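Working notes, beginning with the structure itself.
2 protein chains.
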Amino acid sequence: MRVGREPVVQAGLKLLNTGGLEAVTLRAIAAELGVKAPTLYWRFKNKQDLVDDMATRVLVDWAEASHDGPATDTWQAWALGYGISLRNMLLRYRDGARMVSGSRLTDTRLYASMERALQRFQSHGIAPADAALCLTTVYSYVIGFTIEQQAVLSPQGERDPRYTLAERDALVDAERYPLSRSIGPEVFDNYDVRFERGLRLVVAGFETMLA
Amino acid sequence: MRVGREPVVQAGLKLLNTGGLEAVTLRAIAAELGVKAPTLYWRFKNKQDLVDDMATRVLVDWAEASHDGPATDTWQAWALGYGISLRNMLLRYRDGARMVSGSRLTDTRLYASMERALQRFQSHGIAPADAALCLTTVYSYVIGFTIEQQAVLSPQGERDPRYTLAERDALVDAERYPLSRSIGPEVFDNYDVRFERGLRLVVAGFETMLA
DNA sequence: TAGCGCCCCTAACACTGTTAGAGAGAACGC
DNA sequence: GCGTTCTCTCTAACAGTGTTAGGGGCGCTA
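If you're matching them up, the sequences are chains A and B in order.
Sequential numbering of the first sequence, starting at 1, is according to my numbering.
Sequential numbering of the second sequence, starting at 212, is according to my numbering.
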């Protein structure tokens with residue numbers, strides 16, 4: 001029992017951050033632990049099993065850290081924090097959103113966190129079924145938005161050269177598509193404020209739906 | 212000039228539908244066209260270049276078919292149709308959402324469609340910057356939601372055995388997590404109505420934000 | 001001491017995307 | 001008509017991937 005599951009997951013996350021999802025290879029993870037690739041099959045059924053664990057670990061960290069932290073008086077503020085902290089956690093890892101979106105989450109600690117979230121909504125008079133709609137909608141939005149962002153921007157803020165604003169301007173004919181061109185920064189930049197605006201959209205929509 | 216880009220893209224989409232994203236391999240595509248794999252490099256810089264074209268073609272089909280079709284009197288109805296038709300198009304291909312989310316879109320016909328969308332919003336007195344917020348938020352939501360759905364459900368409606376409701380119930384302790392357990396169908400089923408509810412959330416939120 | 005189960009190894013298989021380089025055949029300039 | 005060049009496809013190969021089969025050392029227990 002020298003090399004358990006946990007060190008393998010940690011090595012995988014380290015590789016994820018340095019080289020992205022393509023760099024997460026069984027041989028590289030094994031090398032990180034001073035071991036050969038087939039050894040990993042002693043702990044994991046296959047690679048997807050390992051990646052599932054990596055994704056789950058990221059979400060468990062999120063759920064146990066920020067998620068339950070500050071008690072807010074309104075469910076709106078709490079829902080906003082839910083989405084914002086989720087995105088922040090995904091952004092801490094390169095390709096974090098892509099990894100989580102393609103993985104299966106198993107750890108029951110996630111259900112504990114979900115349970116507390118539903119309780120919180122219920123204490124504000126919101127039924128679990130409605131709360132679930134709000135949470136899953138926010139979740140989908142965060143995943144979709146963050147995948148898009150991480151395809152363009154690295155965690156250090158450097159931009160994929162194929163996605164620069166100048167590149168886009170060269171492609172979009174200013175005379176035929178003036179409106180599309182004018183919203184360039186609105187589509188390719190200011191991710192933080194754009195994300196929060198969209199998130200507020202969702203929460204506000206849920207609010208009006210309850211009424 | 213026997214094998215152009217277009218037949219290659221079509222062969223790729225065919226393989227995508229029969230075997231999912233993992234089945235889209237250069238050798239398989241080439242075989243589909245009665246040709247060997249290296250030939251594809253005459254038309255495409257690399258595999259990602261090819262997949263980008265596949266994703267773009269799916270979105271162009273969507274934009275030119277349903278998107279501009281029926282003239283609706285309210286922008287709300289139009290925005291709903293935007294999201295619904297986008298999801299429907301993604302669902303027509305296995306792993307459609309995953310493929311689109313990871314690809315770069317280049318065809319300028321997409322900008323033409325975007326331009327018409329912005330015009331439509333403008334004719335209702337909505338500034339392009341605001342319209343862009345609405346469109347990108349809906350887009351992110353659709354991508355995130357559909358990725359999640361396609362990870363669980365095949366286009367023919369059959370379910371990945373690891374994601375059955377019974378499997379979930381076995382994992383979620385009914386005594387400790389009663390609320391989480393009660394929303395099982397709300398999280399694992401009824402994708403169509405759940406999607407539309409979430410979409411209405413977003414549109415309603417944009418509506419209240421304008422006021 | 002004998003056996004057994006845990007852990008890690010080497011070797012190999014069937015794939016993948018990708019490149020180098022050769023050759024068939026049409027198109028072009030002289 | 002001839003030679004050259006360009007377009008397209010091929011074979012062969014490389015480095016790398018996930019994964020499996022099977023061997024062997026080490027420590028525990030009977």
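In this text, a Cβ means the ideal position worked out from N, Cα and C, and glycines have one as well.
Predicted, not measured: the structure shown is a model, and the values here were computed from it.
Closer than 9 angstroms at the beta carbon, the chain B residues around residue i
i, result
"L171 (chain A)", "T317, T319, Y322"
"R98 (chain A)", "R309, S312, G313"
"A151 (chain A)", "S312, G313, S314, R315"
"E148 (chain A)", "S312, T347, Y350, S351, I354"
"L59 (chain A)", "Near L59 (chain A) there are no residues of chain B at all, since even the closest Cβ is about 14 angstroms away, more than 9 angstroms."
Under 9 angstroms between C-beta atoms of residue i and residue j
i, j, result
"R298 (chain B)", "V353 (chain B)", "yes"
"S180 (chain A)", "E275 (chain B)", "no"
"E359 (chain B)", "P128 (chain A)", "no"
"G355 (chain B)", "G144 (chain A)", "yes"
"L118 (chain A)", "A131 (chain A)", "yes"
"R379 (chain B)", "F406 (chain B)", "no"
"D52 (chain A)", "T106 (chain A)", "yes"
"Q48 (chain A)", "S123 (chain A)", "no"
"N257 (chain B)", "P366 (chain B)", "no"
"T357 (chain B)", "L301 (chain B)", "yes"
"G307 (chain B)", "Q361 (chain B)", "yes"
"A28 (chain A)", "T39 (chain A)", "no"
"V235 (chain B)", "L226 (chain B)", "yes"
"V413 (chain B)", "L201 (chain A)", "yes"
"V58 (chain A)", "M99 (chain A)", "yes"
"G184 (chain A)", "A415 (chain B)", "no"
"Y177 (chain A)", "A288 (chain B)", "no"
"L237 (chain B)", "R305 (chain B)", "no"
"W286 (chain B)", "F332 (chain B)", "yes"
"L133 (chain A)", "Y82 (chain A)", "no"
"T319 (chain B)", "V172 (chain A)", "yes"
"E418 (chain B)", "T56 (chain A)", "no"
"S140 (chain A)", "S312 (chain B)", "no"
Those residues which DSSP pairs with residue i across a bridge
i, result
"R370 (chain B)", "B:L364"
Contacts of residue i in chain B (Cβ-Cβ under 7 angstroms)
i, result
"S182 (chain A)", "P339"
"R162 (chain A)", "R315"
Beta carbon proximity, residue i to chain A, threshold 9 angstroms
i, result
"M420 (chain B)", "yes"
"Q221 (chain B)", "no"
"G355 (chain B)", "yes"
"V262 (chain B)", "no"
"S351 (chain B)", "yes"
"G304 (chain B)", "Gly is not the amino acid found at residue 304 (chain B); the sequence shown has Tyr there. Judged by the 9 angstroms Cβ criterion, Y304 (chain B) is not in contact with chain A."
"R405 (chain B)", "yes"
Proximal chain B residues relative to residue i, where beta-carbon distance stays under 8 angstroms
i, result
"Q119 (chain A)", "L390"
"V187 (chain A)", "A343, T347"
Chain B within 9 angstroms of residue i, Cβ atoms only
i, result
"T136 (chain A)", "yes"
"F206 (chain A)", "yes"
Interface residues of chain A facing residue i [CB-CB closer than 7 angstroms]
i, result
"S365 (chain B)", "Within 7 angstroms Cβ-Cβ: nothing; S365 (chain B) doesn't reach chain A, min ~16 angstroms."
"E326 (chain B)", "Y177, L179, S180"
Chain A residues whose Cβ lies nearer than 9 angstroms to that of residue i
i, result
"V413 (chain B)", "T137, Y141, G198, L201, V202, G205"
- Task: Identify each residue in the stretch 282-299 of chain B for which the Cβ-Cβ distance to at least one residue of chain A is less than 8 angstroms, and report them in chain order.
- Result: Under the 8 angstroms Cβ criterion, the stretch 282-299 of chain B contributes no residue.
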